[in-house]
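Asker:
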């Protein structure tokens, strides 16, 4: 089972590569806008934004998708920088406002673009950090790294953490550069002309700051790779390609209103640690496992025949395209005591209240896999009971909260593989500006602007 928690080196490398490319494009934009005619900075900004967009699109369709949170934020920053600079210059030309030639691309031979670029990057990255959950959901849905713990795996957890850290670092970097640039511009800059001292502040200090950050990325990436390699959690492309196809089968045995679980299950996140999870988690070599084969497996593992087998959901493991995880429900009739093969030496029966209480008192006692599965099940079932397919409440009583039991899973015909109810849980009539946001999403469809609404 440890293969599911291993990380493909290519995916980790692409994360740092995409981030480095975005930072290099910022350095190119700053260089062009400083040393060439100001009008070229606009064309350069458009080209840089387009290149980042292409990287995002390639990342989306790649066999090794990875996060582009920082790249996406920097692309929006460049677009905002272009729009703001064009707006300021146009309003100045029309006589609406008055700005110096160093901020007007239509007047001055060179603009001090960093006065706009650094604050815009600071503000955009700050908004992205505040909206990081929405952004991650957007990137999860479109770049192939799902929010489910199984589907994003250790790679998703690392990239989520690293994206958050790097956005925070860039906010600090552009905040410091903004303060330095504007303090010098307001108190020490001579509006007559740009001299060598001005270039040192407005260009070299900023370039050095971005270059130091690039060096930090290289060192940080090397240290992270070394740490993962020492723990045996890193897979090279050759190792990933040589691995034979494997199918993982995960079963949830349910009887009455209880789920059969065991405290003697391996923790997917920490070695030599046991957690509460379903004990029926096996693997088979081979690309395809049919439903009859899955039935034989659970009958052998549980010692119980003639149960009702029902498909839950499936996915491919991140970075391991030949590894598939299939999850099933196995419903048993009668009472829990009717099945002596499922005795205390193998595990115990627990209802929803018991599992919830354990999770509240001992958060690390439950497997992250079990929590992810339960979260998906409960979210889908609760949403289906509360809302219709348009996102409106089925019942007008807003205080109504449906009571969910494990036995309800057997009585429902919901497709747990589909994300339809997950999406409704994120946007429904109880969310602020629901109707407006729904209209906006219909207009923008799958475009990047959809994440902001």
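In this note's numbering, the protein residues as written are 307 to 759.
C-beta atoms are modelled at their ideal positions from N, C-alpha and C, and glycine is treated no differently.
All figures in this text were calculated on a predicted structure; none of them were measured in a lab.
By the 10 Å Cβ neighbour count, where 16 or more other Cβ atoms means buried, how is residue 651 classified, buried or exposed?
Answerer: Burial call: exposed.
Asker: At the level of alpha carbons, what is the spacing between residue 421 and residue 740?
Answerer: Rounded to whole angstroms, residue 421 to residue 740 spans 37 Å at the Cα level.
Asker: Helix, strand or coil: how does DSSP classify residue 439 here?
Answerer: Reduced to three states, the DSSP call for residue 439 is helix.
Asker: So for residue 700, helix, strand or coil by DSSP?
Answerer: Note: residue 700 maps to coil in three-state DSSP.
Asker: Look at the alpha carbon of residue 637 and the alpha carbon of residue 588, and state the distance between them as a whole number of angstroms.
Answerer: For residue 637 and residue 588, the distance between alpha carbons rounds to 18 Å.
Asker: Could you tell me the boundaries of the beta strand (DSSP E) in which residue 570 lies?
Answerer: Here the beta strand (DSSP E) through residue 570 covers 564 to 572.
Asker: Among residues of its own chain, excluding the 5 on either side of residue 318, which ones have a beta-carbon nearer than 6 Å to its beta-carbon?
Answerer: None.
Asker: I need the boundaries of the beta strand (DSSP E) containing residue 590, first residue and last residue.
Answerer: Counting along the chain, the beta strand (DSSP E) containing residue 590 begins and ends at 587 to 591.
Asker: Residue 726 to residue 631, Cα distance in whole Å?
Answerer: Rounded to the nearest angstrom, the two C-alpha atoms are 21 Å apart.
Asker: How would you write the range of the alpha helix (DSSP H) that residue 663 sits in, first residue to last?
Answerer: Taken as a continuous stretch (DSSP letters only), the alpha helix (DSSP H) holding residue 663 covers 658 to 667.
Asker: So which of 472, 551 and 461 has the shortest CA-CA distance to residue 541?
Answerer: Among 472, 551 and 461, the Cα nearest to that of residue 541 belongs to 461.
Asker: With DSSP as the reference, please indicate the residues paired to residue 596 in a beta bridge.
Answerer: According to DSSP, which records beta bridges pairwise, residue 596 is partnered with nothing at all.
Asker: Tell me which residues share the same chain as residue 634 and place their Cβ nearer than 8 Å to its Cβ, disregarding the 5 neighbours each side in the sequence.
Answerer: Once the five neighbours on either side are set aside, the close Cβ partners of residue 634 are 555, 556, 557, 558, 600, 604, 615, 616, 617 and 618.
Asker: Check whether the segment 377 to 396 touches the segment 339 to 355, taking contact to mean three or more Cβ pairs, one atom from each stretch, closer than 8 Å.
Answerer: Touching, yes.
Asker: Taking 9 Å as the threshold (C-beta atoms), are residue 473 and residue 376 in contact?
Answerer: Cβ distance < 9 Å, so residue 376 and residue 473 count as in contact.
Asker: Give the DSSP-derived three-state secondary structure of residue 651 in the structure shown.
Answerer: Note: residue 651 maps to coil in three-state DSSP.
Asker: Can you tell me whether DSSP reads residue 313 as helix, strand or coil?
Answerer: It is a strand residue.
Asker: Can you name the start and end residues of the beta strand (DSSP E) that residue 554 belongs to?
Answerer: It spans 552 to 561 - the beta strand (DSSP E) in which residue 554 sits, taken as one unbroken run.
Asker: Alpha carbon to alpha carbon, how far is residue 620 from residue 670? Give it in angstroms, no decimals.
Answerer: One C-alpha to the other measures close to 25 Å.
Asker: Check each candidate in 607, 335 and 665 and name the one with the smallest Cα separation from residue 649.
Answerer: The candidate whose alpha carbon is nearest that of residue 649 is 607.
Asker: Quick check: residue 582 and residue 676, are their CB atoms within less than 9 Å of each other?
Answerer: Result yes, Cβ atoms of residue 582 and residue 676 sit closer than 9 Å.
Asker: Buried or exposed: residue 506, going by 16 or more other Cβ atoms within 10 Å of its Cβ?
Answerer: By the 10 Å Cβ count, residue 506 comes out exposed.
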